[in-house]
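*Asks:* First to last, the protein sequences are chains W and Z. Note that the working numbering has the first sequence beginning at 31, numbered continuously upward. Note that the working numbering has the second sequence beginning at 238, numbered continuously upward. Beta carbons: idealized from backbone N, C-alpha and C, even for Gly.
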Amino acid sequence: KKEAAMKDEL
Amino acid sequence: MNIFRLFGDLSHLAAIIILLLKIWKSRSCAGISGKSQILFAIVFTTRYLDLLTSFISLYNTSMKMIYIGCSYATVYLIYAKFRATYDGNHDSFRVEFLIVPVGGLAVLINHDFSLLEILWTFSIYLESVAILPQLFMISKTGEAETITTHYLFCQGLYRALYLINWIWRFYFEGFFDMIAIVAGVVQTILYCDFFYLYVTKVLKGKKLSLPA
């Protein structure tokens with residue numbers, strides 16, 4: 031299962 | 238963080254502030270699509286729910302709060318405080334034709350089938366078309382106030398700068414998010430027509446009027 035990408039952008 | 242993303246965020250912040258101040262100072266939302274502003278409020282709400290679950294940086298958190306606060310304030314000014322100046326007849330884009338397909342696409346194509354991820358994906362897809370009611374309204378009225386064109390320019394420039402930011406991050410960090418990139422390309426393409434008019438007319442001091 032792909033880790034939900036860390037959202038560091040607005 | 239890189240210079241392109243920083244200036245992208247600052248351009249986005251400028252757009253949001255320009256619009257809010259324009260409506261507040263002129264006490265009028267003539268020529269402004271309330272529907273687009275509602276879509277942007279939905280975009281920020283569904284994208285920034287992670288404010289409740291994760292802390293990335295003071296910059297990240299404060300910008301998200303400012304975006305959400307200003308977008309709701311703008312919607313409030315349009316539909317409540319200055320509703321008498323709201324031009325509902327020309328703000329007639331059928332937003333359900335945007336929300337339903339975008340919602341369906343977010344459920345079908347996403348990085349992870351979790352609620353937060355699907356809502357984030359929905360907000361990315363919705364943002365790419367959220368300006369359509371505004372562009373549609375300008376095409377119906379055939380003109381736009383100069384301050385509105387500056388708002389639109391900053392709004393369009395922000396995602397164009399993000400595209401460069403993603404090239405930068407792919408090259409230097411190997412980071413890329415195909416969903417955000419494809420939606421960002423679509424979003425920026427939708428502004429091309431406006432960018433052309435802005436550069437050839439507004440920057441030459443003329444009023445932005447479309448051939449009726």
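Residues bridged to serine 446(Z) by DSSP?
*Replies:* If you number the second sequence from 1, residue 446(Z) lands on position 209. Per DSSP, Glu380(Z).
*Asks:* Against chain W, with Cβ distances strictly below 9 Å, would methionine 302(Z) count as a contact?
*Replies:* On the second sequence, residue 302(Z) is found 65 positions in, with the first residue counted as 1. It does not: the Cβ of methionine 302(Z) has no partner Cβ on chain W nearer than 9 Å.
*Asks:* How long is the line joining the alpha carbons of tyrosine 452(Z) and methionine 374(Z), rounded to whole angstroms?
*Replies:* Summary: the structure shown does not reach residue 452(Z), with chain Z confined to residues 238 through 449, and so no result is reported for it.
*Asks:* From this set, Ile336(Z), Cys429(Z), Tyr428(Z), Pro448(Z), which residue's C-alpha is nearest leucine 276(Z)'s C-alpha?
*Replies:* Residue 276(Z) sits at position 39 when you count from the first residue of the second sequence. It is Ile336(Z) whose Cα lies nearest to the Cα of leucine 276(Z).
*Asks:* In chain W, what lies closer than 8 Å to arginine 242(Z) by C-beta?
*Replies:* In the second sequence, counting from the first residue as 1, residue 242(Z) sits at position 5. Residues of chain W passing the Cβ test: Glu39.
*Asks:* Below 8 Å on the Cβ atoms is my guess for aspartate 188(Z) versus leucine 353(Z); work out the distance and round it to an integer in Å.
*Replies:* With chain Z running from 238 to 449 in the structure shown, residue 188(Z) is simply not present.
*Asks:* So with Cβ pairs under 9 Å, would you call tryptophan 405(Z) a contact of chain W?
*Replies:* Taking the second sequence and counting its residues from 1, one reaches residue 405(Z) at position 168. Taking 9 Å as the CB threshold, tryptophan 405(Z) stays off the interface with chain W.
*Asks:* Under 7 Å Cβ-Cβ, which residues of chain W neighbour aspartate 287(Z)?
*Replies:* Here the question's residue 287(Z) lines up with position 50 in the second sequence. Simply Lys37.
*Asks:* Any beta-carbon of chain Z closer than 9 Å to the one on glutamate 33(W)?
*Replies:* Walking along the first sequence from the start, residue 33(W) turns up at place 3. Here the model assigns glutamate 33(W) a pLDDT of 46, short of 50, so the residue's position is not dependable, and the following value carries that caveat. Chain Z, which has a Cβ nearer than 9 Å to the Cβ of glutamate 33(W), makes this yes.
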